[in-house]
Amino acid sequence: MVQSNQKPHLVLLSAPAHLQPVIELGKRIVTCQDVKVTIIVASFVQSAPAESRMVQAALATKLFDVIHLPPADICNLVEPGDKGITSLSAAMHVVKPDFQAAILGLETLPTALVVHVFAIECLGIADELKIPKYVFVSTNAWFLATIVYTPVLDKEVEGEYADKKEPFALPDPMLLRTKANYREFLKIGIEIPKADGILVNAWEELQPKTLASLRDGNLLGGVVKAPIFPVGPINSEGSSALKSELFDWLDKQTTDSVLYISFGSMGGLSLEQMLELALGLELSQQRFIWVVRPPIEKSGSGSVPKFGNIGDDMSSYLPQGFISRTRDRGVIVPQWAPQVEILSHPSCGGFFTHCGWNSAIECITNGLPMIAWPLYAEQRMNATLLTEEMGIVLRSETLPSKGVVGREEIEKMVRKIFVDEGGRQMRARVKELKLSAETAWSNGGSSYDALAKMVKHSQKKAIEIDV
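Right under this line is the structure:
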């Protein structure tokens with residue numbers, strides 16, 4: 001039973017490999033509202049060590065309690081090598097009993113449940129507890145609109161979406177309806193409208209048309225029905241105190257002069273594409289920081305998601321002499337770099353990115369134009385949104401997931417960002433979006449108010465359920 005004077009207590013459930021946005025949402029809730037938050041963490045066995053480090057960092061803030069559930073072993077539940085949404089759904093099915101036990105073991109029972117969209121398997125537990133339930137979509141409103149409309153498309157369209165002459169703006173895993181990933185996305189699209197509300201990692205000023213459609217009963221609002229709370233940008237601010245040789249080098253560069261290149265923790269390139277990228281960077285004569293991972297195949301696009309890869313000496317898969325020839329204007333970093341801190345450095349002037357939404361948000365909030373290199377999942381859809389609707393991204397003529405982009409085209413895109421008038425126009429546009437993001441989270445801003453409305457909505461809904 002919820003007491004009318006009880007301080008709201010929100011339980012946030014993460015999905016495996018999607019912990020960071022949930023932690024950042026928890027920080028926003030605690031710092032902007034008088035609310036108690038408990039974060040419950042689901043993870044794969046193989047990702048548990050990394051997520052344990054994030055848990056410890058989150059606990060150090062002393063803003064909320066964090067419970068790390070026993071990692072899910074799904075090796076006998078999915079096909080070998082399947083790293084898509086089917087793996088996430090299987091993991092949430094495994095951890096569901098532990099999650100329910102963790103909630104019942106809390107000293108203060110929650111007044112509302114917020115689950116990450118890929119943890120929607122556990123949404124129904126809120127009904128058993130007789131508390132309101134919400135879904136957190138950590139990507140953009142386009143993605144939300146696409147997912148909730150998928151059950152409609154599934155009934156109205158025959159055959160594979162990928163075979164249609166008119167292209168469908170769907171995440172790559174949803175294009176083949178005979179695959180398990182599609183069926184899991186379809187389930188999510190059916191489940192989301194059952195929530196009492198939906199939080200999305202966008203803000204009113206960023207996607208006004210899509211948000212309006214999601215609220216219009218004659219459009220997508222007729223499918224969703226639940227209220228939409230745009231609470232973005234939800235992203236990490238990083239550490240301003242980070243010091244290393246890399247940052248010593250950045251400190252010596254001029255403002256907005258360095259291109260950061262990274263394709264995410266799972267993005268991989270073929271050897272052929274890596275050679276073209278390296279030579280294109282060299283031809284551009286621009287400064288860069290490139291996070292290099294070993295190639296995942298010899299030729300082709302190399303777009304398959306990659307989960308961890310420890311390789312040989314970098315000189316074995318970069319053009320001969322490339323490192324020495326570009327030493328004065330470029331830095332090669334093996335495997336991983338502190339992305340948030342690099343993007344926020346004054347010398348950073350652009351991002352060559354796979355277009356994961358977290359990376360896109362980090363770019364926007366730092367006022368940086370992007371070169372899009374979508375590889376898998378919803379990244380192609382994100383790239384389309386950032387290019388066609390927002391005008392802050394350059395794209396290659398050849399889709400990176402479909403073929404090799406040549407060195408001349410790479411040179412052209414890099415120089416356009418830093419040298420050409422078109423790049424200056426993009427930079428001005430993204431700086432406008434940066435300002436809108438800052439305004440959204442100011443006191444009285446759109447996201448600040450949306451979060452306050454969500455908390456009040458959960459309190460009112462809890463009373464209605466309790467009656």
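The sequence shown begins at 1 in UniProt numbering and counts up by one.
Glycine is no exception: its CB is placed at the ideal position from the N, C-alpha and C atoms.
Cβ-based burial, residue i [other Cβ within 10 Å; buried from 16]
i           : result
D248        : exposed
E121        : buried
L88         : buried
Q207        : buried
C75         : exposed
L250        : buried
A377        : buried
W357        : buried
E397        : exposed
A57         : exposed
K416        : buried
P110        : buried
T365        : buried
residue 507 : Only positions 1 to 467 of the chain appear in the structure, and residue 507 is not among them; the question remains open.
H326        : This sequence places Thr at residue 326; His is not what is there. By the neighbour-count rule (16 or more Cβ atoms within 10 Å), T326 is buried.
V55         : buried
S316        : exposed
Beta-ladder partner(s) of residue i, from DSSP
i    : result
H354 : According to DSSP, which records beta bridges pairwise, H354 is partnered with nothing at all.
F44  : A72
L10  : V37 and A112
S270 : E297
P230 : V200
W290 : I261 and I332
L394 : I371
K133 : L113
D65  : T38
Whole-number beta carbon distance between residue j and residue i, since they are thought to touch under 8 angstroms
i    : j    : result
L279 : P319 : 6 angstroms
Y134 : A195 : 6 angstroms
L220 : V331 : Wrong, their Cβ atoms sit about 45 angstroms apart, outside the cutoff.
As assigned by DSSP and simplified to three states, the class of residue i
i           : result
S442        : coil
R329        : coil
F307        : Caution applies to F307, whose pLDDT of 38 falls short of 50 and renders its modelled position unreliable; the value that the coordinates give is listed next. In the structure shown, F307 sits in coil (DSSP, three-state: anything other than H, G, I, E or B).
A377        : coil
G321        : coil
T146        : helix
W249        : helix
residue 468 : The requested residue 468 is not part of the displayed model; the chain covers only 1 to 467.
M370        : strand
G406        : coil
I463        : helix
V95         : helix
V419        : coil
V78         : coil
G349        : strand
D163        : helix
V157        : coil
A126        : helix
A195        : coil
L219        : coil
E388        : helix
E107        : coil
I want to know whether the segment 264 to 277 touches the segment 341 to 349 - three or more CB-CB distances under 8 angstroms. Judged by pairs of C-beta atoms under 8 angstroms, the segment 264 to 277 does not touch the segment 341 to 349, as fewer than three such pairs exist.
Quick one: any contact between the segment 175 to 182 and the segment 378 to 389, if contact means 3 or more CB pairs under 8 angstroms? Note that the segment 175 to 182 does not touch the segment 378 to 389; fewer than 3 beta-carbon pairs, one per stretch, sit closer than 8 angstroms.
For the structure I just gave you, are there three or more beta carbon pairs, one from the segment 401 to 409 and one from the segment 425 to 433, closer than 8 angstroms? Verdict: no, contact absent.
Segment contact, 8 angstroms Cβ cut-off, at least three pairs: the segment 352 to 368 with the segment 215 to 231: No, the segment 352 to 368 does not touch the segment 215 to 231.
Using 8 angstroms as the cut-off, can you tell me whether the segment 57 to 72 makes contact with the segment 15 to 29, which would need three or more C-beta pairs spanning the two stretches below that distance? The segment 57 to 72 is in contact with the segment 15 to 29.
Do the segment 37 to 53 and the segment 148 to 161 meet, that is, are 3 or more Cβ pairs less than 8 angstroms apart? Short answer: they don't touch.
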